[in-house]
Amino acid sequence: MKCLEIRNVSYRYEGGTDNVLKNISASFESGKVYAIIGQSGAGKSTLLSLISGLDICRDGDIYYNGKNMRKIDRDEYRAKNVGVIFQSYNLLLNSTAAYNITLSMNISDSNIKERQAKKNHAYFLLDKVGIDRETADRKILKLSGGEQQRVGIARALSHDPNVVIADEPTGNLDAKTEKSVLEIISRLAHEDNKCVIIVTHSKKVTAIADEVISIQSGQLLCKPMNL
Amino acid sequence: MYVIRHALLNLGKNKGRNILLGVIIFAVITAAFVTLAIFNTTGIVIQETRYTLGRMVRVAPRQIVYGEASVSFEQFLSFAESEYVHEADIRESRTSINGIEAIYYLKQPEMLTNFEAELRSRGLPDTYSVVSEELSFENVTGNLENLHNLSLTFLVIVLILGAFIMVLLSAISIRERKYEVGVLRAMGMKKKKVALGLWIEIITITCICFALGMGAGTMLSQPISDVIMTGQADSINVNISVNAITVMGILGISILLASITGFISVSWINKCEPIKILTERN
Numbered sequence: 000m001k002c003l004e005i006r007n008v009s010y011r012y013e014g015g016t017d018n019v020l021k022n023i024s025a026s027f028e029s030g031k032v033y034a035i036i037g038q039s040g041a042g043k044s045t046l047l048s049l050i051s052g053l054d055i056c057r058d059g060d061i062y063y064n065g066k067n068m069r070k071i072d073r074d075e076y077r078a079k080n081v082g083v084i085f086q087s088y089n090l091l092l093n094s095t096a097a098y099n100i101t102l103s104m105n106i107s108d109s110n111i112k113e114r115q116a117k118k119n120h121a122y123f124l125l126d127k128v129g130i131d132r133e134t135a136d137r138k139i140l141k142l143s144g145g146e147q148q149r150v151g152i153a154r155a156l157s158h159d160p161n162v163v164i165a166d167e168p169t170g171n172l173d174a175k176t177e178k179s180v181l182e183i184i185s186r187l188a189h190e191d192n193k194c195v196i197i198v199t200h201s202k203k204v205t206a207i208a209d210e211v212i213s214i215q216s217g218q219l220l221c222k223p224m225n226l
Numbered sequence: 000m001y002v003i004r005h006a007l008l009n010l011g012k013n014k015g016r017n018i019l020l021g022v023i024i025f026a027v028i029t030a031a032f033v034t035l036a037i038f039n040t041t042g043i044v045i046q047e048t049r050y051t052l053g054r055m056v057r058v059a060p061r062q063i064v065y066g067e068a069s070v071s072f073e074q075f076l077s078f079a080e081s082e083y084v085h086e087a088d089i090r091e092s093r094t095s096i097n098g099i100e101a102i103y104y105l106k107q108p109e110m111l112t113n114f115e116a117e118l119r120s121r122g123l124p125d126t127y128s129v130v131s132e133e134l135s136f137e138n139v140t141g142n143l144e145n146l147h148n149l150s151l152t153f154l155v156i157v158l159i160l161g162a163f164i165m166v167l168l169s170a171i172s173i174r175e176r177k178y179e180v181g182v183l184r185a186m187g188m189k190k191k192k193v194a195l196g197l198w199i200e201i202i203t204i205t206c207i208c209f210a211l212g213m214g215a216g217t218m219l220s221q222p223i224s225d226v227i228m229t230g231q232a233d234s235i236n237v238n239i240s241v242n243a244i245t246v247m248g249i250l251g252i253s254i255l256l257a258s259i260t261g262f263i264s265v266s267w268i269n270k271c272e273p274i275k276i277l278t279e280r281n
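Chains A and B, in that order, are what the protein sequence lines are.
In terms of numbering that gives the first Met the number 0, the first sequence is residues 0 to 226.
In terms of numbering that gives the first Met the number 0, the second sequence is residues 0 to 281.
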């Protein structure tokens, strides 16, 4: 089922002269893992910002479940429908790992209402990405880059979003954790029917992808198979 | 609900900045409290003094005119039966021109004209004056008026300076928290909730400072007033009291200060797009 669709999207940063993305079209389905590859500066992260609702495209349209992103509440979209794993984690540094996750659940108005139940769910998610309870109760500032990356992954999954978007999610992980994270991501798509879009340079990530999309100089080089 | 909890937790997480903000708010509230307490109390004392002196009417001959009929002691006593008189103090006096000192306390200061008209109709000669003590008001309350005006000027300075410092601190503080706001917005928290959280933080700090400032202000008002009044000629002992007007005034000032900072936060957040904040930081 088509979950996200990009139609003729072009994007230029404020004050910039050239388009970072040039007339891109693509569609993404639930139950699949998409890998977006390309050189640095090709426009991969910009594309992720647009489909995660963090920014809005100048030309063209993006549709989520058939609804134009321009017409939906993008805050609510980010809070409920999409989980973003940032390359630079973007966590609340003065808060604990567990609090970062329960806060995300609060913002998304999660189905889990009780405070302790939310906390238990946060421990559960963190445990899934290899963070034990003691580490979960530490402030983000005191965690290593790899641990922060895993907290970012757990946070993205905390509100059970339909779309999971990740920017280099395994960039700071060791081989063992990378494997387990890739298994989680694969299961999200293939068992939980989520749409997973990953920007990556890793061959291990592209190996689990159902479709690989290549961007070069703001243009799609290889169209996904379903277009 | 989680916004309130998040804001309260944030108070502890950013201790250094919040303590600095709290100290400044506390200083402003305490200074405003002291000046407002002095301003209100002196205002009340001035008003009461004016009222008391305005009611106090002295009836005495302007000069000795030989051959003119003078007013007898009994006549002075009969004037005290006027409906305008609350009480009278009539006594023989060696210092007064006619040997009688007659003071009438009217029910209201504005009854003076009617009272004089009544006395004239009852035979009080034109050579006698009917004068209220209001004329000596300035001599009695001159220093008090100075203190009253000084406290008002100081209050205005404190408020302007306090507001200026608060604006400056808020602007610095909000820039420090740019990243945090960016993360919350990226997670999907709405602008109004982010702004509400920041506002709750500042309101909480202000409430704590309000309570502390009230205590400190109550303790400091009287000694400060005494120091100011010391050394002034004809000084009056003013008992500085904290009344509802003062408390309401300080509450208003506290809300004003919190609103200024809140307004700055909200206007800044309204301009912020999460992607810009996070991109700039990264």
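We treat Cβ as the ideally placed atom computed from N, Cα and C, and that holds for glycine.
Residue from the options with nearest C-alpha to residue i
i: L143 (chain B); options: B:E47, B:R174 and B:W267; result: B:E47
i: V246 (chain B); options: B:T152, B:V2, B:L105 and B:I28; result: B:I28
i: T199 (chain A); options: A:G40, A:S26 and A:T134; result: A:G40
i: K283 (chain B); options: B:S172, B:K192 and B:V180; result: Because chain B here runs from 0 to 281, residue 283 (chain B) falls outside it and cannot be looked at.
i: N39 (chain B); options: B:E179, B:Y178 and B:Q221; result: B:Q221
i: L167 (chain B); options: B:K12, B:L19 and B:G11; result: B:L19
i: F128 (chain B); options: B:F136, B:F114 and B:T140; result: Sequence inspection shows Ser at residue 128 (chain B); the Phe mentioned does not correspond to that position. With distances taken between Cα atoms, S128 (chain B) lies closest to B:F114.
i: L90 (chain A); options: A:R149, A:G129 and A:D72; result: A:R149
i: S72 (chain A); options: B:E109, B:G261 and B:K190; result: Note on identity: in this sequence residue 72 (chain A) is Asp, with Ser being the wrong assignment. Per the Cα distances, B:K190.
i: E272 (chain B); options: A:D74, A:T16, A:L181 and A:E28; result: A:D74
i: I183 (chain A); options: A:G14, A:G65 and A:L125; result: A:L125
i: G161 (chain B); options: B:N9, B:I259 and B:L183; result: B:I259
i: N269 (chain B); options: B:F136, B:I37, B:A194 and B:E117; result: B:A194
C-beta neighbour in chain B for residue i, strict 9 Å
i: V249 (chain A); result: Past the boundaries of the shown model lies residue 249 (chain A); chain A is included only from 0 to 226, so the question cannot be answered.
i: V83 (chain A); result: yes
i: L53 (chain A); result: yes
i: E75 (chain A); result: yes
i: I106 (chain A); result: yes
i: S94 (chain A); result: yes
Interface partners of residue i on chain B, CB under 7 Å
i: A116 (chain A); result: Result: empty, since nearest Cβ-Cβ is about 14 Å, beyond 7 Å.
i: L125 (chain A); result: Chain B residues near L125 (chain A): none, gap ~17 Å exceeds 7 Å.
i: S48 (chain A); result: I274
Proximity test, Cβ basis, 9 Å: residue i and chain A
i: P273 (chain B); result: yes
i: S264 (chain B); result: no
i: L277 (chain B); result: yes
i: N269 (chain B); result: no
i: M218 (chain B); result: no
i: K189 (chain B); result: yes
i: G15 (chain B); result: no
i: A185 (chain B); result: yes
i: L20 (chain B); result: no
Proximal chain B residues relative to residue i, where beta-carbon distance stays under 9 Å
i: L90 (chain A); result: V182
i: A78 (chain A); result: M186, G187, M188 and K189
8 Å contact criterion, which residue i and residue j should meet: CB distance rounded
i: F72 (chain B); j: M213 (chain B); result: That pair is no contact at about 55 Å.
i: Y33 (chain A); j: V195 (chain A); result: 7 Å
i: I139 (chain A); j: S179 (chain A); result: Not confirmed; about 21 Å, so no contact.
i: R154 (chain A); j: A185 (chain B); result: The Cβ separation is near 11 Å, so there is no contact.
i: T176 (chain A); j: G217 (chain A); result: Going by Cβ atoms, the distance from T176 (chain A) to G217 (chain A) rounds to 33 Å, so no, they are not a contact pair.
i: T205 (chain A); j: I36 (chain A); result: 6 Å
i: S131 (chain B); j: G216 (chain B); result: That belief does not hold up - the Cβ atoms of S131 (chain B) and G216 (chain B) are roughly 37 Å apart, past 8 Å.
i: A101 (chain B); j: V44 (chain B); result: Contact flag wrong, Cβ pair sits at about 27 Å.
i: S26 (chain A); j: K43 (chain A); result: The pair is not a contact, with the Cβ atoms about 17 Å apart (cut-off 8 Å).
i: L187 (chain A); j: V211 (chain A); result: So it is not a contact: roughly 18 Å between Cβ atoms.
For residue i, the three-state DSSP class (helix, strand or coil)
i: M55 (chain B); result: strand
i: N110 (chain A); result: coil
i: L19 (chain B); result: helix
i: Y33 (chain A); result: strand
i: D60 (chain A); result: strand
i: L158 (chain B); result: helix
i: Y103 (chain B); result: strand
i: V19 (chain A); result: coil
i: Y127 (chain B); result: strand
i: P60 (chain B); result: strand
i: N225 (chain A); result: The pLDDT assigned to N225 (chain A) is 44, lower than 50, so where the model puts this residue is not dependable; a value taken from the coordinates is nonetheless given after this. Three-state DSSP puts N225 (chain A) in coil, outside helix and strand.
i: Y122 (chain A); result: helix
i: N67 (chain A); result: strand
i: F38 (chain B); result: helix
i: A96 (chain A); result: helix
i: H85 (chain B); result: strand
i: E4 (chain A); result: strand
i: Q218 (chain A); result: strand
i: Y88 (chain A); result: coil
beta-carbon residue i near the ligand GDP non-hydrogen atom, thresh 8 Å
i: I130 (chain A); result: For the structure depicted, the ligand GDP is absent and the ligand set is empty, with no information on it obtainable.
Residue i: contacting residues in chain A (beta-carbon distance under 8 Å)
i: K283 (chain B); result: Residue 283 (chain B) is absent from the structure shown; chain B starts at 0 and stops at 281.
Per-residue contacts from residue i into chain B (C-beta, under 8 Å)
i: L140 (chain A); result: Those do not exist, as L140 (chain A) stays about 11 Å from chain B at its closest Cβ, beyond 8 Å.
Contact list for residue i against chain A, beta-carbon separation under 7 Å
i: E179 (chain B); result: L91
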